[in-house]
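Going by the numbering used here, the sequence shown opens with residue 510, and the numbers climb by one from there. Built from N, CA and C at the ideal position, the CB exists for glycine as well. The structure presented is a predicted model; accordingly, all values stated were derived computationally and were not measured.
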Amino acid sequence: MEPEAVSVSAVVVDPPSTTIMVGGSAQLSAFARDASGNTLAGRPITWLSGNGSVVAVSAAGLVTGLAVGAPVSVTATSEGRSGVAQVTVLAPVAGISITPPTTQVLVGASAQLTAILQDVGGNVLTGRTVTWTSSNAATAPVSSAGVVTGLVAGGPFVLTATSEGRSANAQVTVLAPVSTIVVAPPTAQVPVGGTLQLTATLMDAQGNTLLGRTVAWTSTNGNIATVSAAGLITGATSGSVTITATSEGKSGSAQLIILTPVASVSVTPAAAQLATGSTRQLTATLQDVLGNALTGRTITWTSSNSSIASVSPSGLVTAIAPGGPVTVTATSEGRAGGAEITVLAPITSVIVSGAVRVKAGDSYTYTATARTANGAIVSRPITWSLADQSFGTISSGGVLVPLRTGTITINLTIDGVVWSATTTGYDWISFGAYPTLGLALESDTRITNRFGTSAYADLIIACSSRTMVIYVDTNVFVTANGLVSYSFDNGTILSQTWIESSNFRQLIYPGSTNGASVNFANSIASSRLFGFAFTEFQSSAEAAIFRVTGLGSRLPGLISTCQLTSPVMITVVDANVAPNAVSAALQAARGRVSIPNADVGLRAVQGPSSSRAPMLYLENATPAQQQAKRGH
């Protein structure tokens, strides 16, 4: 008896599910099993697709994708038992793109890349296998999930995503991290309503500048100042604020002061005249709406005609050429103020007029005449000064009071240029020793005789052996009638006839007719020490008038030392106390007989001569001539 056949209890399909592409195939296998799970060989199996328009199946179990569709049941049947496999038909990958297509990653940081798969219709495909590769895995490796990690700064490197034979590339650059941020300017002042552009410089640990990084800007007080995403500051109200730039966890900041705006600008001086080549510093004063002075603001200086007057960034004006007025403007925060500058032609010569010889203690007025190159006389401010103030004082109006003897240099500053003139200071001089004592004073005016010879006359007051001699000594002094007038301090002017020697050397007071007096005077005249002057005038009678100052304080000591005891001699008291005492004493000595003049015949034949009026000192008025004069 033959054994009974084992029936099929189940059919198992392997694989139970699969995915194929449109036009693609996959082999399914079906296994018949008995109730104990043993595989039964040789059993016939039939295959059937649940949707033949999507999945076709052959008699051997080969499934073929015909169209995209949801899972289709493919059934294997044997002896009334069936097994099922789920077959999904997918559209093939037609294209791949990577997002982002380019990326930057810091050293030690990572970034996620995503591969987007599409079919021929542009539909996004999911659930597909994607393989990632890096062109430099040692610097920028990429995981199977598309995560790239920066190991060493460099790049750009190529990352490739591949799926179903299709691929796409992306670029990645590995960046050094930000180590330092420097904000410029670090401090600044911004007016209310004004703006200021800040910049942030990013650097790595080696100090290299980093570009292309994202920077975030913030303000500690937006009510005082706001900051845009690009670092542009706008002042809102007065106060101080900190502006910070941040990138990759690092930050830098700037300290700003928001200022009250400038409401007005004024320039000092408002007008000025400058000589060509000279300079003048202008000052700009800034004020707010309440009139408060503002400092620390930026001021811009401009000239309306720089060929006439230029101006430096600090407000220093330089006179270039004659002309004007030129407007020099100071501008700050949109407000402006100006000054009118006129450039004058330069002075090329200056003539100083005044006494050539000056007595200590008296006062003398000097004037100056300034001319330009064309000879035109111009009026400019003059500053008077002395090169050596120990010689005296000089007022702003040119009034000189000499204090001691010697050469006195007078400086005149005109348009910033110094011009110089000189005069000679003089004073009384004492000579001799007891019993021969004397005082001498030289004229400050040169006397010229009829022969054209000139000299300074000298007043001699001497005492010896109880005899007092007062006379004028000169080599050239000649008057029309021999008349000489003199006064002492504030005394009345007295006139006396003097005796002129034939050699024009000695003029002896009429009372001194004895030989001893004449010899004494001649001796003094030949050995005295002179060099100083008294003021000399000219009378209508062409006589020289000598006004002697400072005599009252000098004669008492001289006379008392001489021990004048003769009743016919002059008794002198301090003329400052009793100014008429000297005059009275001299008046008492008048009326004596004059000695005939040895030259009276010559004068009668040749006619009278006159003394010249005081001469004015003229200084050559060019810097070169000044220098030459100072060199003498």
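Taking C-alpha positions only, S862 is separated from V887 by approximately 16 Å. For G703 and G740, the gap between their C-alpha atoms comes out near 14 Å. For E849, the enclosing beta strand (DSSP E) starts and ends at 844 to 853.
Going by DSSP, S688 is part of no beta strand (DSSP E) at all; its letter is neither H nor E. Here DSSP, grouped into helix, strand and coil, assigns Q790 to strand.
By the 16-neighbour rule on beta-carbons within 10 angstroms, L765 is buried. Just measuring C-alpha positions, the residue of G721, T718, T708 sitting nearest I742 is T708. Assigned with DSSP and collapsed to three states, S872 falls in coil, not helix or strand. In its chain, beyond the 5 residues on either side, L626, Q627, D628, L634, R637, S672, E673, G674, R675 have a beta carbon closer than 8 Å to the beta carbon of V602. Selection T918, G805, P770, S526 evaluated against P580 yields S526 as nearest (Cα-Cα).
Nearest neighbour of A647 by Cα position, chosen from V639, G617, I690, turns out to be G617. No residue range can be given for W937, since it is assigned to no beta strand (DSSP E) and is classified by DSSP as neither H nor E.
Here the region 721 to 737 makes no contact with the region 786 to 799; the two share fewer than three CB pairs at distances below 8 Å. When DSSP reads this structure, L615 sits in a beta bridge with L684.
Between the C-alpha atoms of Q680 and V572 there is a straight-line separation of about 41 Å. Counting every other CB atom within 10 Å of its CB across the protein chains shown gives S823 a total below 16, marking it as exposed. Annotated as proximal: W928 and V859, with beta-carbon spacing under 9 Å. With at least 16 other beta carbons inside 10 angstroms of its own, V826 counts as buried. In the three-state reduction of the DSSP assignment, Q898 falls in the helix class, which pools H, G and I. The Cβ atoms of L768 and P700 lie closer than 9 Å to each other. Assignment of E951 by DSSP, reduced to helix, strand and coil, places it in the strand class.
The shortest CA-to-CA distance from V517 to any of S534, D523, S538, N547 is the one to N547. Taking a C-beta distance under 9 Å as the contact criterion, L783 and W810 do not qualify as a contact pair. Note: L634 is bridge-paired with L626 in the DSSP secondary-structure output. Each of A848, L711, S587 was checked against the Cα of A781, and the nearest Cα belongs to A848. Per the coordinates, the alpha-carbon of V583 lies some 43 Å from the alpha-carbon of P650. Between A541 and I554, the gap from beta carbon to beta carbon is short of 9 Å. When DSSP states are grouped into helix, strand and coil, R866 belongs to the strand group. S737 and L705 have their C-alpha atoms roughly 11 Å apart. Bridge pairing for P700: L768 [DSSP].
Non-local C-beta neighbours of T623 in its own chain, meaning closer than 8 Å and more than five positions away in sequence, comprise I607, T608, G655, ordered along the chain.
Distance from the CA atom of A882 to the CA atom of A697, rounded to whole angstroms, is 51 Å. Between M530 and A594, the gap from beta carbon to beta carbon reaches 9 Å or more. Relative to T836, the option among I850, E842, S562 whose CA is nearest is I850.
The beta carbon of T746 sits closer than 8 Å to the beta carbons of V701, N732, I733, I767 from its chain, once the five residues preceding and following it are set aside; these are given in chain order. Linking L668 to S558 through their CA atoms gives a straight-line distance of about 42 Å.
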